[in-house]
Structure formats: C-alpha cells, structure tokens
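In numbering that gives the first Met the number 0, the protein residues as written are 0 to 695.
A short worksheet on the structure shown next.
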Amino acid sequence: MWHEFFLSALTIVALLYTPGFILLHASHMPKSWALITSPLISCALYFIEGELFSAINIAVPLFVMIALPILVALIVNVVISRLIIHNEKFRSLDTSFTCEELPLWILGLYMVVSILTVALLFLPTLPSPSSFVQGWDIVHHLDVTQAMIESHTYSSIHYNFYSTIEADITPWNPGSSGFYPSGWNIIVALTTQITATTVPIAGNALNFVSAAIIFPLSICSVIAKSLPKHKLALISGAFICLAFFVFPWSLLIYGPIFPNTVAFCVMPSIWWIFMQMTRSKTPKFELIWLVIIFILGCITLVILHPSTIFSSIVVLLPWSFARISTSKRRIKLFGKQLKPSTLAYTFFFFAIFIWIVFYYFLIVRGVALNFWWSAYSTLQEAILHALGMDFIGQSYAGGELVSPQPILSLCVLVGAVWTFKHKQARWMVTAFLYLSLLCIFIITFDIPLKGFLAGFWYTDPFRIAASCVIMAIPLASLGLSTLIQAAQELLTKRLKPAEKTCNSFHLTTWTLPILTGIIITTAVVLNLTIPTPNLKSEEPISAAVAFKKASTKAYSDNNILTSEELAFLRQVELTVPAGARIANLPQDGSLWAYGTNDLHVLWRFPNGYDNTERPASAILRKRLNRIACDSEALKTAHDLNVQYVLVLNNDVDYTNAVTSTYKPGTFRGITQITDTTPGFEVVLKQGSMRLYKITL
0 MWHEFFLSAL TIVALLYTPG FILLHASHMP KSWALITSPL ISCALYFIEG
50 ELFSAINIAV PLFVMIALPI LVALIVNVVI SRLIIHNEKF RSLDTSFTCE
100 ELPLWILGLY MVVSILTVAL LFLPTLPSPS SFVQGWDIVH HLDVTQAMIE
150 SHTYSSIHYN FYSTIEADIT PWNPGSSGFY PSGWNIIVAL TTQITATTVP
200 IAGNALNFVS AAIIFPLSIC SVIAKSLPKH KLALISGAFI CLAFFVFPWS
250 LLIYGPIFPN TVAFCVMPSI WWIFMQMTRS KTPKFELIWL VIIFILGCIT
300 LVILHPSTIF SSIVVLLPWS FARISTSKRR IKLFGKQLKP STLAYTFFFF
350 AIFIWIVFYY FLIVRGVALN FWWSAYSTLQ EAILHALGMD FIGQSYAGGE
400 LVSPQPILSL CVLVGAVWTF KHKQARWMVT AFLYLSLLCI FIITFDIPLK
450 GFLAGFWYTD PFRIAASCVI MAIPLASLGL STLIQAAQEL LTKRLKPAEK
500 TCNSFHLTTW TLPILTGIII TTAVVLNLTI PTPNLKSEEP ISAAVAFKKA
550 STKAYSDNNI LTSEELAFLR QVELTVPAGA RIANLPQDGS LWAYGTNDLH
600 VLWRFPNGYD NTERPASAIL RKRLNRIACD SEALKTAHDL NVQYVLVLNN
650 DVDYTNAVTS TYKPGTFRGI TQITDTTPGF EVVLKQGSMR LYKITL
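And the structure:
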C-alpha cells in the first residue's frame with residue numbers, strides 16, 4: 000500500500016501547485032515566490048468551484064473538478080500575456096515583481112531537509128499508510144470525505160456524513176445548512192478518486208505533503224521577506240522549520256485536527272503577500288495582483304480553517320503597526336501634518352475596535368462556533384512550558400506529546416535579542432510574545448476574556464501553541480544564524496595572524512562553511528537527543544522520542560478498530576454488493592467502516608441518538624433483532640433497503656473519547672442478534688465478528 004501513499008502524495012503536489020503556478024505566471028511573479036504561493040491559489044480555485052456547483056445543486060464530475068481550475072489559470076495567463084503584448088496601455092505598465100531574491104536551491108534545501116525529517120520521524124510510526132488516529136475528529140474527517148466522493152459535492156456549507164443518495168438513512172432530521180471548514184476533505188476526496196486509493200491513505204499523504212513541502216516553503220517566504228539581508232538565517236530555517244514538536248507534529252496526533260494542521264501549514268504564505276502589498280512603493284500592476292492573490296488566499300484559509308485568519312491578524316497587526324510608524328508618507332488633517340506614530344496608534348485602536356465588533360457578531364450573537372477548553376495548569380508551570388518551547392504541558396489530551404526543547408529556547412532568545420539590538424524585525428518578537436502570553440493565559444485561567452483574546456474560534460491550547468511555534472521559527476532561525484556568525488568571527492580572529500600565507504587563505508575558505516555545517520548539525524542532534532523532563536514520563540526524555548512514542552501509540556491498532564477488524568471489513572467489502580446498506584453498532588469501530596472501506600453502514604456517529612433521531616433509525620436500533628416477529632421493524636428495514644448487519648468485536652472501549660458515551664442497550668437491536676436469531680443468515684464470521692444477511 001505504500002506505493003499508493005507516495006502516488007497520492009505526488010498527486011496532491013500536482014493538484015496544489017499546478018493551477019496556482021500557471022495563474023501566477025501571468026503576474027510575472029518570480030518562479031520561487033510563485034511556487035511558494037501556488038497552494039493558496041490552487042485551493043481557492045477548487046474551493047470556489049465546489050461551492051458554486053453546490054449552490055446550484057449540480058454534482059461535479061471528477062474531470063471537471065480537476066480540469067476547470069487549470070483551464071481558468073491558462074485562460075488568465077493567455078489573456079494577460081496578450082494584453083501586455085498588444086495593448087499599448089498595458090505595455091506601458093511596469094510588470095516586474097519587486098520581490099527579494101530567493102534562489103530555487105534554497106527551496107530545494109527546505110524540501111529535502113523536511114522530506115527527510117518527516118520520513119525519518121513520522122512515517123516509521125505508522126503501522127501502515129492507511130493507519131489513522133482513532134480520535135473524535137477523525138469520525139468527521141473520514142465519513143464527510145467519503146460522502147463527498149459519492150455525492151460529487153465539494154462544499155463546506157452543504158457537507159454531510161451521508162451522500163445525497165443516502166438521505167433516507169440519515170439517523171437525524173435534516174437541519175439547516177451550516178459552515179464547517181472542509182478544505183482538507185475536498186483535497187483528500189479528489190486525490191482518493193484520482194489514485195483509486197482509500198480515504199485514510201490519501202489523508203495521510205496530504206498530511207505528509209503539508210508537513211514536508213507546503214509548510215517549509217511557506218515559512219521560508221516569511222523568513223526571506225522579514226530578513227531579506229540574512230541569507231544565513233534563511234539557510235538555518237531549513238533545519239529549524241520542523242524542529243519544534245508542538246507543530247506540526249503534535250497536531251498529527253492530537254484530535255487529530257487535520258484541517259487545522261493543513262491550514263496552519265499554508266497560512267504563512269499569505270503573510271508575505273500582505274507584507275509585499277503594504278510596501279510604500281509597490282507598482283500598480285503588482286499591487287493589483289497582490290490584492291487578487293490576497294483575496295484568493297483568504298478564501299483558501301477560511302475553507303481550510305477560519306482560525307488561521309485570526310492567527311494571521313495577531314501576527315500581521317504588529318507588522319502593520321511597525322510599517323505605519325516608520326512610513327515616510329505624510330498625511331494632513333485639518334491642515335496639520337500627522338506624525339507616523341499618531342497614525343500607527345490610530346490604526347492599532349481601530350484594529351482593536353474591529354476585533355471587538357467581530358467578537359460581538361460572531362460569538363456573542365452565536366454565529367460562529369465557540370468551544371471552551373478549561374484551564375489545567377498553574378501559572379508557574381505554564382511559564383516554564385512557554386520558556387521550554389513545549390507550551391502545552393500536562394494537558395488532559397496528550398501531555399506526553401512534547402518535552403521542553405532548550406536548544407530552541409536558546410535560539411529564540413538569541414534571535415529576539417538580535418532584533419532589538421539591530422532594530423530590525425522587532426514586530427516578530429511582539430507577535431511571538433503575545434501568542435506565548437496567550438498560551439500561558441488560556442491554560443492557567445478560566446475567565447471569559449480568554450475566548451476574546453484567543454481568536455474566537457477555540458481556546459484550545461494546541462492551536463494557540465501551533466501559532467506560537469510558527470512565529471518562533473523565524474526567530475529561532477535568526478538566533479541559530481547569529482550563533483554561527485559569532486563562531487565564524489571568533490574563528491576568523493584566531494586565523495587572522497596568519498592570513499597573509501596562501502595556506503591560511505584556503506583554510507579560511509573551507510573552514511567557515513564546514514564550521515557552519517558542524518554548528519547546524521550539532522544543534523539539530525542536540526535538539527533531538529537532549530533528554531528533558533516530561534510530565535508523563537518517569538525519566539527525562541527527548542522531544543523526538545516522546546513524539547515517536549506518542550505517535551506509535553496513537554496510530555497503533557490497540558484502539559477501537561483493530562487491524563484484525565480492518566481485515567474483516569475488507570472481507571465484507573468484497574462480499575456485499577456496492578452500496579449495500581448495513582446495520583451496525585457504531586461504537587465497536589464500524590462507525591469508520593464507511594470512511595475506510597466504503598461500507599454503507601447506517602450509524603456513523605458515536606452519539607446523538609436522542610430526541611432529534613428519526614423514528615426509523617430508533618426502530619431499527621432497538622428492534623431489528625425482532626424482525627421475524629415485529630412487522631414494523633420488518634417494514635422499516637424494507638423501506639430503507641437494509642440488507643445486512645455487521646457486528647465487530649462487541650467489547651466497547653469506555654476509556655476512548657469516541658466510545659465513552661455508549662450506554663449498554665442503546666443498540667440492542669444489533670447486539671442481541673446471534674447466529675440463531677430468526678431472519679438472519681451468517682455470511683462471514685471470524686471470532687466474535689459477524690456479517691449477517693437479512694433473509695426476511
């Protein structure tokens with residue numbers, strides 16, 4: 000199956016980079032910057048297309064879904080090229096992009112280092128490419144994606160656990176449409192169909208591409224834009240970007256919150272667009288393109304996960320404040336020239352006002368989801384975790400995931416000191432400090448203010464910590480490069496007395512790059528191997544080992560749905576007709592059977608079977624076992640065309656969040672079926688697992 004995984008990864012790269020790169024070619028954006036920005040554009044094209052077709056209730060064939068964004072990009076490219084060539088007004092425009100130099104070999108370095116890192120740290124923890132963390136969020140991720148594939152409806156508004164052809168077996172009465180960020184689901188659904196693989200394999204491939212390619216290139220753009228004269232910091236960033244284990248590593252286990260993970264990986268690429276857009280002297284042609292790209296990028300981030308918008312505001316507000324306060328533009332009000340500092344503070348308070356307005360309309364008025372996560376740490380412990388760059392600490396959902404990383408703490412500190420000493424990029428320190436203090440605040444205190452400060456969507460420490468780490472990466476890269484430069488200067492002083500000799504010249508020429516490599520290698524090795532206190536480990540443990548242990552445990556089959564049960568599901572898939580409807584006990588692991596094996600089980604969610612449940616669902620759930628003597632149960636089964644009953648191992652794991660809400664007897668219509676129950680015929684059996692066919 001690994002060949003399917005890597006084929007899916009290559010397909011995802013093509014999907015995310017082809018349309019965007021073609022369209023950005025029309026803007027004359029340098030190739031390296033266009034490559035970084037392509038996923039923002041490609042995703043927006045797919046997402047807009049999906050929502051448009053969904054709005055007019057038209058199922059989109061796979062070919063159309065893939066080809067239309069490429070066609071749009073080609074048309075834009077051709078039209079812009081012809082206008083520039085044949086129209087005198089366009090010919091007179093300055094069509095060059097004034098970006099900082101960013102060699103393609105730098106991007107190659109980031110990708111090579113990151114691909115190796117993910118391949119060595121994460122992939123070995125997967126028992127198979129189809130393994131998945133059996134957490135709460137994965138129920139939504141897998142089933143919604145499979146429903147998209149069958150319905151050919153790729154929408155974040157009209158999403159469902161059931162495809163359109165299965166509307167009659169939905170256990171609950173249909174509610175009004177609501178928004179849920181489904182960008183991850185859309186990309187996985189397209190990949191699954193193109194490569195003829197399964198949703199879990201395509202999902203793991205997207206997570207791999209996000210961590211190994213999208214995020215490294217994305218954060219590279221921020222370092223290059225914020226520190227344009229510090230090539231060594233840019234090079235150091237290749238070895239720093241995946242060094243923090245809070246992000247992206249912990250998010251691949253915790254939840255798992257895959258949509259947030261991919262969204263955070265893409266997010267930094269819109270920051271450089273905003274920075275470029277807010278320069279003092281941006282050519283008109285370039286500015287128009289930047290505005291278009293920024294709008295498309297915001298659409299991408301909203302569909303991937305709206306929390307990235309709030310994280311971006313927190314990061315870009317200090318940048319904007321710094322830009323305005325140092326701007327050379329002069330604005331007069333009532334004949335009096337305003338100082339740049341006055342404009343900066345006016346902008347700052349206006350931004351706070353807008354933030355309050357958004358909070359009122361989105362949260363206070365109940366328009367958007369506002370999930371509350373309770374505090375669990377003391378103030379002293381929270382500060383220590385922030386200083387140690389692990390931020391999370393003893394959380395109720397995975398404190399074993401991370402350990403303090405003192406090497407990174409040192410690098411971030413040195414980088415922060417450098418910015419104040421040289422009066423450059425201090426806005427990064429401001430954003431990092433705010434996010435760090437916010438992380439301390441939300442895991443320590445339980446007051447309504449933290450919902451306002453945390454960016455509305457969640458007060459989840461893992462998501463806030465991820466934002467904090469993303470902002471720490473440029474500072475750590477700068478800090479590592481500063482340490483390297485200090486070592487180089489020290490070495491140069493030592494060799495200076497002999498610099499007149501020819502040999503010493505060659506020695507210096509070769510020694511400085513070698514010294515750089517040694518320092519980077521030492522920092523990487525120490526970061527991975529230094530054992531530090533971990534709240535869920537008896538002895539100090541390195542962050543890398545802590546993550547690998549946690550990941551191996553999370554992706555192993557010692558969960559609700561075991562490898563033995565997955566093998567049984569594959570037999571069921573080969574036995575029943577395609578689309579056959581199957582009654583099941585969701586808490587035995589079969590709630591994922593639809594997402595993993597395209598088995599059309601009736602119940603795909605672990606709870607919610609209460610007053611909102613449809614009568615037909617309740618009848619089968621409670622009385623299907625009596626089908627031979629219960630005419631209403633028999634009629635309901637016939638009306639819904641339920642043909643089979645699936646029973647996996649009946650032991651429900653009450654320690655797992657997904658199945659902990661199970662109450663014995665809730666599904667007695669399934670659990671009380673035996674091999675001798677009238678009306679049922681055994682089709683497959685293995686141990687306590689059964690596939691029954693309804694014979695009446």
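By construction, the Cβ of each residue, glycine as well, lies at the ideal position given by its N, Cα and C atoms.
Computed from a prediction, not measured in an experiment: that's the story for all the values here.
Contact annotation, isoleucine 302 with serine 155: C-beta distance approximately 5 Å; criterion of less than 8 Å satisfied. Residue range 679-685 is occupied by the beta strand (DSSP E) that includes phenylalanine 679. Per DSSP, the continuous beta strand (DSSP E) segment holding lysine 692 begins and ends at 688-693. As for any alpha helix (DSSP H) of minimum length 4 sitting wholly inside the region 502-587, the runs are 542-554, 562-574, ordered along the chain.
Comparing alpha-carbon positions, the option among Ser235, Met64, Lys552 lying closest to alanine 43 turns out to be Met64. Of the candidates Gln685, Ile355, Leu690, Leu690 places its Cα closest to the Cα of isoleucine 672.
About 14 Å separates the Cβ atoms of isoleucine 114 and cysteine 219, ruling out a contact at the 8 Å cut-off.
Residue pairing from DSSP places leucine 645 in a beta bridge opposite Asn583, Leu690. In the three-state reduction of the DSSP assignment, histidine 304 falls in the coil class.
Exclusion of the five residues before and after threonine 515 leaves Ile483 as the residues of its chain whose Cβ lies within less than 6 Å of its Cβ.
Judged by pairs of C-beta atoms under 8 Å, the region 461-477 touches the region 243-251, as three or more such pairs exist.
Within its own chain, the residues whose Cβ lies closer than 7 Å to the Cβ of phenylalanine 461, once the five positions on either side in sequence are excluded, are Ser249, Leu250, Tyr253, Ile391, listed in chain order. Excluding sequence positions up to five before and after glutamate 680, its CB lies within less than 7 Å of the CB of Tyr691, Lys692, Thr694, all in the same chain and listed in chain order.
Within 10 angstroms of the beta-carbon of methionine 0 lie fewer than 16 other beta-carbons, which makes it exposed. Close CB contacts of glutamine 685 within its chain, under the 7 Å cut and outside five residues either way in sequence, are with Phe567 (chain order).
Contact between the region 257-269 and the region 29-41 is established, with three or more Cβ pairs separated by less than 8 Å. Contact between isoleucine 212 and methionine 276 does not hold, since their C-beta atoms are separated by about 25 Å, which reaches or exceeds 8 Å. Only residues of its own chain outside the window of five on either side were considered, and among them Thr10 have a CB closer than 6 Å to the CB of isoleucine 193, listed in chain order. Counting along the chain, methionine 0 sits inside no alpha helix (DSSP H), nor does DSSP assign it H or E at all. Secondary structure of histidine 24 (DSSP, three-state): helix. In the three-state DSSP reduction, tryptophan 602 falls in the coil class, being neither helix nor strand. In this structure cysteine 628 is exposed. Its beta-carbon is surrounded by fewer than 16 other beta-carbon atoms within 10 angstroms.
For tryptophan 417, DSSP assigns no beta-bridge partner whatsoever. The three-state reading of DSSP puts tryptophan 372 in coil, since its state is none of H, G, I, E or B. Nearest neighbour of asparagine 624 by Cα position, chosen from Ala237, Ala58, Trp591, Asn583, turns out to be Asn583.
In the three-state scheme derived from DSSP, where H, G and I count as helix and E and B as strand, glutamate 99 is classed as coil. Rounded to whole angstroms, the gap between the alpha carbons of tryptophan 417 and glycine 478 is 7 Å. Pairwise C-beta distances place the region 144-155 in contact with the region 589-598, as three or more of them are shorter than 8 Å. By DSSP's assignment, glutamate 612 forms a beta bridge with Trp171. In the structure shown, leucine 125 falls within a coil segment according to DSSP collapsed to helix, strand and coil. Linking glutamate 165 to leucine 598 through their CA atoms gives a straight-line distance of about 12 Å. Around the beta carbon of serine 217, 16 or more other beta carbons lie within 10 angstroms, which makes this residue buried.
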